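Just so we're aligned: the sequence shown equals residues 1 to 427 in our numbering. For glycine and all other residues, C-beta sits at the position ideal for the given N, C-alpha and C. Only a predicted model underlies this, so the values are computations on that prediction, with no experimental measurement involved. Quick notes on the structure that follows.
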Amino acid sequence: MNVSSKAGHGQESMWQTELIVHPSDLEIGHFIIRLDIPWLETPFPLQGVLVDSDKTRNWFIEHCQWVVIDYSRSPNKLRPESNRLSDSAVLAARQSDPHHPINVLRGSRLDSESVGAALKAYSLLDTQSRRLIKSFADRGAIEIKTAEKVVGELSEYLERNLAAMVWLTRIKDRDDYTAQHSINCAILALGLAHVLEWSTEMVEQAGLAALLHDLGNVNLDLSILNKPGRLSASEYQHIKTHTTIGHQLLCDEPDVHPDVARVALEHHERPDGLGYPDGKKAEEIHPLSLLVSVVDVYDAVTSHRVYRPARSHHDALGILWRGRGRKFDRSMVETFIHFMGWVAPGTLVRLSSGELAVVEETNIVHGFYPIVRKLIPGTVGYRAGARIDLSELKDSEGRPQLKISEVLPDGAQGVKVKSLLVSALED
Ligand SMILES: [Fe+2]
């Protein structure tokens, strides 16, 4: 399934004026700026070619899976409407553009300025999110304007500090799971919706839907919601009602868009039809719900719960990967994993030497050889050592000396990444 087309935004601009198109959709007067094959393998001498004849057009149809046209440089100004590209072709085209949002996070670094700003922003938004949930629990009223404000501010912070904001979603040092989960899901949903090139309206709805998707939980029995250990069949049935309750509550609010309310109902549905509450099939589930289900599971898995400890970023991506196409939309998962990267800035890792380290800057070319700070054990906990670029640390035969052997969850081995990283960056 092509999620973009379902959302009504197929072949949406990649970058303001760029469109990924199937070569069969080319018309005379389109200007091609990128291809799925190297330019040197084409008969065209320049990187960029105007489709000025059927012969040129046919060459691309015969040799390419996809091309990127620059709409603004195309004399015909025609915007192809059909959507013949597969999800994998769209993903490949996005990956090929180093400036595309899908690649931004993996080439980024954490520095003291961005971490400081993100910490401030996160704490402000966290307070607002808690207030939102509390006022709902106390009075049953959804302060939709506050929720919209939170999402609007989040969007702005994300544009400026994407890496640090996404890193903070993995720092689970608060006990209030519900508020933290809401804000984390909103951050991740906004990021993923941007990467999918959704329209501004859809991106905002994704953020809002992610913020409010579990609102039905406030009506659940807390002793069941927070029960350590296995749930009985009837307790699980009770938990499942948060979807229908949340949906009803949001439908009762005239200012909430019906698609946003629908996410509360559908975020536990699965493409294979084995989800709840209605066992809907892939094509019956709204793309917003498919998106929120991916970020919901990622954040839940990496969070501490009363019934199990937090698992690592790696484990969470692995769960999504193994469930792609069955539990989660395949294309969403593949896009999300590429966006997040298997080794992300701010991740606690074990090196092949057995030592612990924190990733400070990822390396887009050498994924498992980022810039890290080794953790040095002291009398009380650890402290962060000097920066080491693993891609440059070679033995006498030019082979890398160290690489990442395991990605650990925040808090593992008693390491609190946030305080370590903040003090290391201040030095
Ligand atoms: Fe839920």
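Exercise. Looking at the unbroken beta strand (DSSP E) that takes in Tyr382, where does it start and where does it end?
Worked result: 382-389
Exercise. Is any heavy atom in ligand 1 found nearer than 7 Å to the beta carbon of His213?
Worked result: yes
Problem set entry | Residues near Ala147 in its chain [Cβ-Cβ closer than 7 Å; skip 5 each side] | Leu132, Leu208, Leu211, Leu212
For this session: Using three-state DSSP, classify Leu125 as helix, strand or coil.
Result: helix
For this session: Let me know if Ala95 comes out buried or exposed under the rule of 16 or more other beta-carbons within 10 Å of its beta-carbon.
Result: A small fix is needed here, since residue 95 is Gln in this sequence, not Ala. Exposed: under 16 other Cβ atoms inside 10 Å.
Exercise. Is any heavy atom of ligand 1 found at a distance shorter than 7 Å from the C-beta of Asp296?
Worked result: Yes, since a heavy atom of ligand 1 falls inside the 7 Å radius drawn around the Cβ of Asp296.
For this session: Can you say whether Trp39 is buried or exposed, counting buried as having 16 or more other CB atoms within 10 angstroms of its CB?
Result: exposed
Problem set entry | Exposure label - Pro409; buried when at least 16 CB within 10 Å | So Pro409 ends up on the buried side.
For this session: Specify the secondary structure class of Ile37 as computed by DSSP and reduced to three states.
Result: coil
For this session: Would you mind stating whether Ile102 and His338 have Cβ atoms separated by less than 8 Å?
Result: yes
For this session: Indicate, with yes or no, if ligand 1 has a heavy atom lying under 7 Å from the CB of His247.
Result: No; taking the cut-off as 7 Å, the Cβ of His247 has no heavy atom of ligand 1 nearer than that.
Problem set entry | Backbone secondary structure at Val49 - three-state DSSP | strand
Problem set entry | Span separating the alpha-carbon of Pro309 from that of Ser24 | Whole-angstrom Cα-Cα distance: 51 Å.
Problem set entry | For Leu162, three-class secondary structure by DSSP | helix
Exercise. Going by the CB atoms, is the gap between Ile32 and Ala93 shorter than 8 Å?
Worked result: no
Exercise. Closest by CA to His257, which one among His30, Trp342, Leu288, Lys172?
Worked result: Leu288
For this session: Tell me, to the nearest whole angstrom, how far the beta carbon of His313 is from that of Val407; I am working on the premise that it is less than 8 Å.
Result: 6 Å
Exercise. Taking Cβ positions, are Pro228 and Tyr157 nearer each other than 8 Å?
Worked result: no
Exercise. Expressed to the nearest angstrom, what Euclidean distance is found between the alpha-carbon atoms of His63 and His238?
Worked result: 55 Å
Exercise. How would you write the range of the alpha helix (DSSP H) that Ser86 sits in, first residue to last?
Worked result: Here Ser86 belongs to no alpha helix (DSSP H), and DSSP marks it neither H nor E.
For this session: With Arg322 as the anchor, note down where its beta strand (DSSP E) starts and where it stops.
Result: No beta strand (DSSP E) contains Arg322, which is instead part of the alpha helix (DSSP H) from 313-322.
For this session: Would you kindly work out how many angstroms separate the C-alpha atoms of Lys418 and Gly325, rounded to a whole number?
Result: 34 Å
For this session: Report yes if the C-beta distance between Ala206 and Leu222 is below 8 Å; otherwise report no.
Result: no
Exercise. Do you know how far the Cα of Glu266 is from the Cα of Val297?
Worked result: Whole-angstrom Cα-Cα distance: 14 Å.
Problem set entry | Beta-carbon proximity of Glu235 to Ile224, cut-off 8 Å | yes
Problem set entry | Cβ-heavy atom distance, His268 to ligand 1, below 7 Å | yes
For this session: Please list the segments of the alpha helix (DSSP H) lying wholly inside the region 327-373, counting only runs of 4 or more residues, in order along the chain.
Result: 330-340
Exercise. To the nearest whole angstrom, what separates the beta carbons of Leu421 and Val358, a pair I think is in contact under 8 Å?
Worked result: Contact holds; Cβ gap of about 6 Å.
For this session: Please work out which residues of its chain come closer than 6 Å, Cβ to Cβ, to His30, disregarding the five sequence neighbours upstream and downstream, and give them in chain order.
Result: These residues qualify, in order along the chain: Val51, Ile69, Ser74.
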